[in-house]
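Below: the structure, in structure tokens.
In my numbering, the protein residues as written are 956 to 1584.
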């Protein structure tokens, strides 16, 4: 930024010359006035000494004030000169009278300068008055120089005054320029000092002895000694300062002060033997670097391989696990490859055709992949791709070989189990049929025997055979049903069922067993139950008979209730039918309820010994209920 104009700057370059001219002019005027006074009044005249005193004191005062840049100096200069001339003028013969006009013209020019501040106008006025005076006094100017001519001396004195006027005007202008320049430079320097002092960065200057020469507020607050007002440098900085000066090189120095990480730059000035120290609080940067380091370690220690892929398929970053999974000795070797080199050609072609277009719209894709190891072998892997800003992709790769092998083993085991279950079901179905045929014959013959004449003992034996045979047939039927359910071959026979008849038949079948154990049986059909509905009547009867049989078996001299309810669904003319069997029997512990519906399981093993049963009944009921919805 240019503080002053080019002309003013050139004027300032001649400041020393103006000072010489000013002092010389003042001395010449005083000398000329003294010589003129001596010539006119003589050595012993008081007027001579008064002229010398006025001229000398006025010019001395003018020089002093001029150094202080006081505009009054110009007035005093001309006032002294004018008074001197007035003392001399009555004794000098000048018929043209310009001895009075010339000082007035000079004074007018100076007043014009001070009021209008027009340098050109003032200089023209001074020059015009000087030329006018010279034109009327040429004879005096070229008179006999060897004689003490009052006219000549007066002319020389006036000439010096005229020349001095021009220099006074220029000098005054230059002084104003310098004052303006100094003021602007001071403002600029003050602004710079405020800028440095208000800077959040610590800035200081240290000499070769370690003494602080300059320091801003941030440095003072950072390095302030807690025990006093002094400055305490961190450990190692003084040595670094000396090294910077001795080796004449910039040294960077990191330290920790009051919990803050500070980075110092020490720049030496060997010529003047000081070091400029620039500090910067890098705590946030250091914490970010620490977090980045921790994250990088976490990624490297991760069991999954991680890679960052650029938009053109280059591997910008890979962690150690990625190199280990693919069989590479280091990440550097792997990072030289393209992303497509990590996978089989077939899988990658399929990826470009089907998966890559999806990544343009979806930020995450997960699926299985076939990777290629360093030895060329294939590796079953699980791949996750995540799109990030900058058209980059993060690739997470997990070795899926063991999982794949385990899945294959599970599939084989499942197939074997299904084959075994199928064989078991076929065996049970066959055996049930084979056992049922002769058992039907036994039961038939036992029924025939009851029609013959038998004594009480024989009749008791026959009843035992019939009861045992029926129990065995029940077990066989349960095993056959359970085998069909496991094999998925159980089919439902949907038909129109009467609600009233269904409940009546079930109650009729169970009433005999209830009366034997002295139980009272009741049934109730809710008002919302439809008269008819579609269902497998045989399977519903089977489930209800099983549940009622259990209720009767575990209740003695009590009560067993069968309740049928219906609840409309969101679908028109469709109901959810619920059957409830309630009894006053021995009950079931809450912790045993979850085990009741498992095959071959009862709430208490003692019940098997006391009441009998295979433990298949409730499991079959649960499966049939699920099958019927």
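All residues carry an ideal CB built from backbone N, CA and C; glycine is no exception.
Here the structure is a predicted model, which means the values were calculated and not measured.
(request) With a threshold of 16 other CB atoms inside 10 Å of the CB of residue 1494, please say whether the residue is buried or exposed. (result) In the chain shown, counting from the first residue as 1, residue 1494 sits at position 539. Residue burial is scored here from C-beta neighbours: residue 1494 has at least 16 other C-beta atoms within 10 angstroms and is therefore classed as buried.
(request) Can you check DSSP and say which residues form a bridge with residue 1342? (result) Position 387 of the chain shown, counted from the start, is the residue given in the question as residue 1342. In the DSSP output, where bridge partners are listed per residue, residue 1342 has 1348.
(message) Just to check my reading of the structure: residue 1540 and residue 1513 have Cβ atoms closer than 8 Å, yes? What is that Cβ distance to the nearest angstrom?
(response) The residue given as residue 1540 occupies position 585 in the chain shown. The residue given as residue 1513 occupies position 558 in the chain shown. About 6 Å; that satisfies the 8 Å criterion.
(message) Between 1396, 1415, 1277 and 1265, which has its C-alpha nearest residue 1345's C-alpha?
(response) Along the chain shown, one-based indexing puts residue 1345 at 390. Looking at the Cα atoms, 1265 is the closest of the given residues.
(message) Which of the three DSSP states is assigned to residue 1462 in this structure?
(response) Along the chain shown, one-based indexing puts residue 1462 at 507. DSSP places residue 1462 in helix when its eight states are reduced to three.
(message) Using a Cβ-Cβ cutoff of less than 6 Å, which residues in the same chain neighbour residue 1335 once the five nearest sequence positions on both sides are dropped?
(response) In the chain shown, the residue the question calls residue 1335 occupies position 380. Once the five neighbours on either side are set aside, the close Cβ partners of residue 1335 are 1355, 1356 and 1359.
(message) Can you list, in chain order, the residues of its chain with a C-beta nearer than 7 Å to that of residue 1469? Leave out the 5 residues immediately preceding and following it.
(response) Here residue 1469 refers to the residue found at position 514 of the chain shown. 1476, 1507 and 1515.
(request) Take residue 1311 as the anchor and find which of 1284, 1342, 1224 and 1205 has the nearest alpha-carbon. (result) Stepping through the chain shown from its first residue, residue 1311 is reached at position 356. Ranked by how close their Cα comes to the Cα of residue 1311, the residues 1284, 1342, 1224 and 1205 have 1342 in first place.
(message) Going by the DSSP bridge assignment, what does residue 1207 pair with across the sheet?
(response) For the purposes of this step, residue 1207 is identified with residue 252 of the chain shown, where counting begins at 1. DSSP lists 1220 as partners of residue 1207.
(message) Spatial neighbours of residue 1450 within its chain, please: C-beta separation below 8 Å, excluding the five flanking residues on both sides.
(response) For the purposes of this step, residue 1450 is taken as residue 495 along the chain shown, with counting starting at 1. Same-chain partners within the cutoff: 1489, 1490, 1491 and 1492.
(message) Check for me: the alpha helix (DSSP H) holding residue 1286 runs from which residue to which?
(response) Mapped onto the chain shown, residue 1286 falls at position 331. Unbroken alpha helix (DSSP H) run through residue 1286: 1286-1290.
(request) Determine the burial state of residue 1527: buried for a count of at least 16 other Cβ atoms within 10 Å of its Cβ, exposed for fewer. (result) In the chain shown, counting from the first residue as 1, residue 1527 sits at position 572. That one is exposed.
(request) Counting only the same chain and skipping the five closest in sequence on each side, list residues whose C-beta sits under 8 Å from that of residue 1397. (result) Sequence index remark: in the chain shown, residue 1397 carries index 442 (1-based). These residues qualify, in order along the chain: 1420 and 1424.
(message) Please report the distance separating the alpha-carbon of residue 1089 from that of residue 1143.
(response) Numbered from its first residue, the chain shown carries residue 1089 at position 134. Numbered from its first residue, the chain shown carries residue 1143 at position 188. Its pLDDT being 45, under 50, residue 1089 is placed unreliably in this model, and the value from its coordinates should be taken loosely. If I take the Cα positions, the gap works out to 49 Å.
(message) Pull the bridge partners of residue 1537 from the DSSP assignment, please.
(response) For this step, residue 1537 is matched to residue 582 along the chain shown. The partner list for residue 1537 (beta bridge, DSSP) reads 1516.
(message) DSSP three-state label for residue 1628, please.
(response) Here the chain has residues from 956 to 1584 only, and residue 1628 is not among them.
(message) Using the three-state DSSP reduction, which class does residue 1155 fall into: helix, strand or coil?
(response) The residue given as residue 1155 occupies position 200 in the chain shown. Coil.
(request) Give the straight-line distance between the Cα atoms of residue 1459 and residue 1440, rounded to the nearest whole angstrom. (result) Your numbering for residue 1459 matches position 504 in the chain shown. Your numbering for residue 1440 matches position 485 in the chain shown. The straight-line gap from Cα to Cα measures roughly 28 Å.
(message) Assess contact between the stretch 1398-1414 and the stretch 1373-1390, defined as three or more Cβ pairs (one per stretch) separated by less than 8 Å. Is contact present?
(response) No, the stretch 1398-1414 is not in contact with the stretch 1373-1390.
(request) Whole angstroms is fine: what's the gap from residue 1279's alpha carbon to residue 1285's? (result) Walking along the chain shown from the start, residue 1279 turns up at place 324. Walking along the chain shown from the start, residue 1285 turns up at place 330. Spanning the two alpha carbons is a distance of roughly 8 Å.
(request) Alpha carbon to alpha carbon, how far is residue 1324 from residue 1244? Give it in angstroms, no decimals. (result) Along the chain shown, read from residue 1 onward, the residue named residue 1244 stands at position 289. Along the chain shown, read from residue 1 onward, the residue named residue 1324 stands at position 369. Using only the alpha carbons, I get a separation of about 34 Å.
(message) So the candidates are 1250, 1274 and 1247; which of them puts its Cα closest to the Cα of residue 1258?
(response) Residue 1258 sits at position 303 when you count from the first residue of the chain shown. The candidate whose alpha carbon is nearest that of residue 1258 is 1274.
(request) Report the rounded CA-to-CA distance for residue 1197 versus residue 1166, giving the unit in angstroms. (result) Residue mapping note: residue 1197 aligns to position 242 of the chain shown, counting from 1. Residue mapping note: residue 1166 aligns to position 211 of the chain shown, counting from 1. Approximately 12 Å between the Cα atoms of the pair.
(message) Assuming residue 1236 is part of the beta strand (DSSP E), what are its boundary residues?
(response) Counting from 1 along the chain shown, the entry for residue 1236 is found at position 281. Run containing residue 1236: 1229-1236, per the beta strand (DSSP E) assignment.
(request) Could you check which residue in 1509, 1510, 1529 and 1534 has the C-alpha nearest to that of residue 1520? (result) Looking up residue 1520 in the chain shown gives position 565. Considering only alpha carbons, the answer is 1534.
(message) Would the stretch 1218-1235 count as touching the stretch 1192-1206 if we require 3 or more Cβ pairs under 8 Å?
(response) They touch, by the three-pair rule.
(request) For residue 1230, count neighbouring Cβ atoms within 10 angstroms of its own Cβ and tell me buried if that reaches 16, exposed if not. (result) Taking the first residue of the chain shown as 1, we reach residue 1230 at position 275. Buried.
(message) Please identify the residue among 1431, 1224, 1408 and 1296 whose C-alpha is closest to the C-alpha of residue 1332.
(response) If you number the chain shown from 1, residue 1332 lands on position 377. The candidate whose alpha carbon is nearest that of residue 1332 is 1296.
(request) Return the CA-CA distance between residue 1370 and residue 1548, expressed in angstroms with no decimal places. (result) Numbered from its first residue, the chain shown carries residue 1370 at position 415. Numbered from its first residue, the chain shown carries residue 1548 at position 593. Straight-line spacing of the CA atoms in residue 1370 and residue 1548 works out to 32 Å.
(message) Could you give the first and the last residue of the continuous beta strand (DSSP E) run that contains residue 1321?
(response) For the purposes of this step, residue 1321 is taken as the residue at position 366 of the chain shown. Counting along the chain, the beta strand (DSSP E) containing residue 1321 begins and ends at 1319-1327.
(message) So within the stretch 1475-1516, which uninterrupted alpha helix (DSSP H) runs reach at least 4 residues, ignoring any that extend past its ends?
(response) Within the stretch 1475-1516, the complete alpha helix (DSSP H) runs of at least 4 residues are 1492-1508.
(request) Please classify residue 1075: is it buried, with 16 or more other beta-carbons within 10 angstroms of its beta-carbon, or exposed? (result) Indexing the chain shown from 1 puts residue 1075 at position 120. Unreliable placement is indicated for residue 1075, whose pLDDT of 49 sits below 50; the coordinate value is still reported in the next sentence. Residue 1075 is exposed by the Cβ-count criterion.
(request) My understanding is that residue 1261 touches residue 1271, with C-beta atoms under 8 Å, so please give their C-beta distance in whole angstroms. (result) Residue 1261 sits at position 306 when you count from the first residue of the chain shown. Residue 1271 sits at position 316 when you count from the first residue of the chain shown. No, residue 1261 and residue 1271 are not in contact; Cβ-Cβ is about 11 Å, not under 8 Å.
(message) Once DSSP output is grouped into helix, strand and coil, what is the label at residue 1269?
(response) Position 314 of the chain shown, counted from the start, is the residue given in the question as residue 1269. Looking at residue 1269 - three-state DSSP - the assignment turns out to be strand.
(request) Spell out a yes or no on whether the stretch 1290-1306 and the stretch 1240-1255 are touching, meaning 3 or more CB-CB pairs, one atom from each, closer than 8 Å. (result) no
(message) Looking at the secondary structure, which residues open and close the alpha helix (DSSP H) in which residue 1580 lies?
(response) For the purposes of this step, residue 1580 is taken as the residue at position 625 of the chain shown. Looking at the DSSP string, the run of the alpha helix (DSSP H) that includes residue 1580 is 1572-1582.
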